[in-house]
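Below is one structure, written out as structure tokens; the observations come after it.
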Amino acid sequence: MSNIDYKAAYARQKKAREQADKLLEDKSRELYEANTTLTSAYNRLKQQKTQLLHQEKLASIGQLAAGVAHEINNPSAYVKSNLTSLNRYRTKFIAFLSELQEELNQGKTISYTELSEKHTLDFLMEDFEDIINDSIMGMDKIASIVRSLRDFSRPDSDKKKLFNPNDAVKNTLKLVWNELKYKAEIVEEYNDLPDIYGFAGGFSQVILNLLINASHAIPEKGTIAISTSTIEGGIKVIVSDTGHGIAPKDLLKIFDPFFTTKDPGKGTGLGLSISQNIIEKHGGRLLASSEIGKGTTFTIELPNGA
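With this note's numbering as the guide, the letters of the sequence shown map in order to residues 1010 to 1315.
Pasting the structure below:
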């Protein structure tokens, strides 16, 4: 091959390599940009999903606000009444001490028994203990409701944490109690459960949705039963009601987003769909069975593992 032919072949090879490198660079850039776009879209979708979950949770709290306020107002009212009584007792104690001091200053012979009876000191001392104990119980109840509300409203982190399902169920029941107590007898059966890894706020949201749905399913007065137990490798929570039940054709669609059997304006149709997503995020499953005229049962199964 001549020297000229060799140079021409080398030039063609060099040009081909440059074109290949440019093509590879262009494709790499396109792939990077596509991956960046997909990552950004995924992050936005994840953020929107998290916001939707939290908004639905806050919407549930909004629905229960009046009931929660009532549950707080009751103990607040008798704590206030007790403080009024204590203030009145304080006035009586001051009167007793003033009269006692006056008698002593005048050097008179004092009959403590007569003076005590005059100011009903024995009754005041006995009632003091009851008033204080009742007030402490009332404040404990308020603190418990507020704590449950705070724990429920707090967004879950991305990492699973240990929590006890029994505690989550009981705390959620405190929030929804005023919604349930006029509609149903609540039957509770808790077995000892181990702490499990999961999202306590999300799990509580599921329980809240199931309890509210059970209440809405009961026309006048019925029963809502809650039970917990262990299963192989995990735990089980059952929420059942004696409501009107769900038709077989609707039972197939109850976990579909925006599907609802409630009257317009009484449900978003997202509660059960979100609940199923939360349970699946735990690696568990949410099952439903129902019979028209007899009621509905929801079963949550969750694994113990992280």
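Here a beta-carbon is modelled for each residue, glycine too, at the ideal position from N, C-alpha and C.
DSSP on residue i, reduced to helix/strand/coil?
i     : result
M1010 : The predicted position of M1010 is uncertain, since its pLDDT is 48 and thus under 50; no value can be drawn from it.
K1190 : coil
S1144 : helix
T1237 : strand
F1172 : strand
E1035 : The question names Glu, but residue 1035 is Asp in the sequence shown. Three-state result, D1035: helix.
E1300 : strand
D1136 : helix
T1269 : coil
T1048 : helix
G1207 : strand
I1221 : helix
T1251 : coil
E1229 : coil
T1129 : coil
L1261 : coil
G1280 : helix
Q1022 : helix
Q1115 : coil
S1153 : helix
L1202 : coil
Taking the C-alpha atoms as reference points, what is the distance between residue i and residue j?
i     : j     : result
F1132 : S1236 : 45 angstroms
E1198 : A1234 : 8 angstroms
M1010 : K1024 : Since pLDDT at M1010 reaches only 48, below the 50 mark, its modelled position is unreliable, and the value read off the structure follows with that caveat. So the two alpha carbons sit approximately 20 angstroms from each other.
A1269 : S1224 : Looking at the sequence itself, residue 1269 is Thr, so the reference to Ala does not match. Approximately 15 angstroms between the Cα atoms of the pair.
N1222 : A1152 : 27 angstroms
L1261 : M1146 : 46 angstroms
L1158 : F1105 : 45 angstroms
R1099 : V1185 : 39 angstroms
D1265 : S1282 : 6 angstroms
D1167 : K1031 : 41 angstroms
D1176 : S1299 : 27 angstroms
E1001 : T1122 : What is shown of the chain runs 1010 to 1315, which leaves residue 1001 out entirely.
L1047 : Q1285 : 26 angstroms
L1095 : K1127 : 18 angstroms
Are the beta-carbon atoms belonging to residue i and residue j less than 8 angstroms from one another?
i     : j     : result
I1263 : A1297 : yes
G1280 : N1218 : yes
V1178 : I1140 : no
D1143 : N1091 : yes
T1239 : L1295 : no
N1044 : I1205 : no
I1309 : I1288 : yes
F1172 : G1211 : no
Quick one: what's residue i bridged to in DSSP?
i     : result
E1310 : K1245 and R1294
V1196 : A1234
T1093 : Answer is none; T1093 lacks a bridge partner.
T1305 : D1250 and S1299
Count the other CB atoms, across all protein chains shown, that sit within 10 Å of the CB of residue i; report buried if there are 16 or more and exposed otherwise.
i     : result
T1181 : buried
E1080 : buried
T1305 : buried
P1174 : buried
K1192 : buried
P1084 : buried
V1196 : exposed
D1250 : buried
G1116 : exposed
G1242 : exposed
G1302 : exposed
A1078 : exposed
Q1214 : buried
A1017 : exposed
V1155 : exposed
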